[in-house]
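Enquirer:
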Amino acid sequence: MGHRVSRIISDETLSRIIQIESAGNPQADARTSTATGIGQFVDPTWLAVVCQHRPDWMGNRSQSEVLAMRLDPVASIEMLARHTEDNARALGPGYTDGDLYLAHFSGVDVARKLLLAPANDPVSRYYSPEAIAANRNILEGKTVGQVRTWAARKMQNASGHDWISEFWPPERYAGEVH
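What the sequence shown shows, in my numbering, is residues 351 to 528, in sequence order.
(1) Within 10 angstroms of its Cβ, does Arg439 collect 16 or more other Cβ (buried), or is it exposed?
(2) I'd like the list of long-range same chain contacts for His528, defined as Cβ closer than 7 Å, with 5 residues on each side in sequence excluded.
(3) May I ask which residues mark the beginning and end of the alpha helix (DSSP H) holding Asn437?
(4) How long is the line joining the alpha carbons of Gln496 and Ala469, rounded to whole angstroms?
(5) Using 8 Å as the threshold, is the region 384-395 in touch with the region 416-430, meaning 3 or more CB pairs across them?
(6) For Pro472, name the three-state secondary structure that DSSP assigns.
(7) Answer yes or no: do Thr434 and Ile367 have a C-beta to C-beta separation smaller than 8 Å?
(8) For Thr363, which residues of its own chain have a beta-carbon under 6 Å away from its beta-carbon, when the five flanking residues on both sides are left out?
(9) Could you say if the region 376-384 and the region 452-471 meet the contact criterion of at least three C-beta pairs nearer than 8 Å?
(10) I'd like to check one pair, Trp518 with Val355: are the Cβ atoms closer than 8 Å?
(11) Less than 8 Å separating the beta-carbons of Glu516 and Gly374?
(12) Just reading off the alpha helix (DSSP H) that Tyr451 is part of, what are its end residues?
(13) From Pro520 to Met429, what does the alpha carbon distance come to, in whole angstroms?
(14) Counting along the chain, where does the alpha helix (DSSP H) carrying Ser515 start and finish?
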């Protein structure tokens with residue numbers, strides 16, 4: 351697929367995350383959180399990534415207008431790429447696509463702890479009760495090893511659709527993105 355959006359994260363990796371999070375539906379809306387759009391960004395994460403990587407989007411827009419930009423697949427893909435790059439840097443060398451998805455799903459701080467934790471530790475040591483409640487079927491009663499395996503399998507099984515080609519404007523390349 352290539353690297354049209356990011357110089358360090360492949361389009362295939364981004365497409366897999368999109369497939370897992372929303373099956374490419376720009377209007378996707380989580381039932382258990384504020385996650386919205388094809389990248390399923392929760393409100394605070396979206397605002398933080400936009401502030402860091404595209405402060406120009408904050409300009410004359412209200413917070414609700416900036417949050418609504420998650421429904422724009424091009425904006426969501428750009429922020430997904432920047433966020434995944436940030437996660438890759440924070441995870442350090444040797445990360446896998448499963449590790450990147452774990453960081454997207456859990457937040458990079460929790461993901462780093464899980465990557466260093468014993469596989470048989472209960473994930474309740476690392477996730478907040480609210481995170482477990484919002485993701486019961488994935489986290490409740492699980493071990494670190496089970497959740498890491500889950501993330502790796504999600505990425506492995508999410509292949510197939512090139513969401514980047516579907517949404518990303520052909521005239522934009524990774525080198526031109528802010």
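Cβ coordinates follow ideal geometry from the N, Cα and C atoms, glycine included.
Expert: Result, derived from the coordinates:
(1) exposed
(2) Only weak support is given to the placement of His528: the predicted model assigns it a pLDDT of 47, under 50, and the question is left unresolved by the model.
(3) 423-441
(4) Gln496 and Ala469: Cα-Cα distance of roughly 8 Å.
(5) yes
(6) strand
(7) yes
(8) Asp447
(9) no
(10) Contact: yes.
(11) yes
(12) 447-456
(13) The alpha-carbon atoms of Pro520 and Met429 are separated by roughly 17 Å.
(14) 513-517
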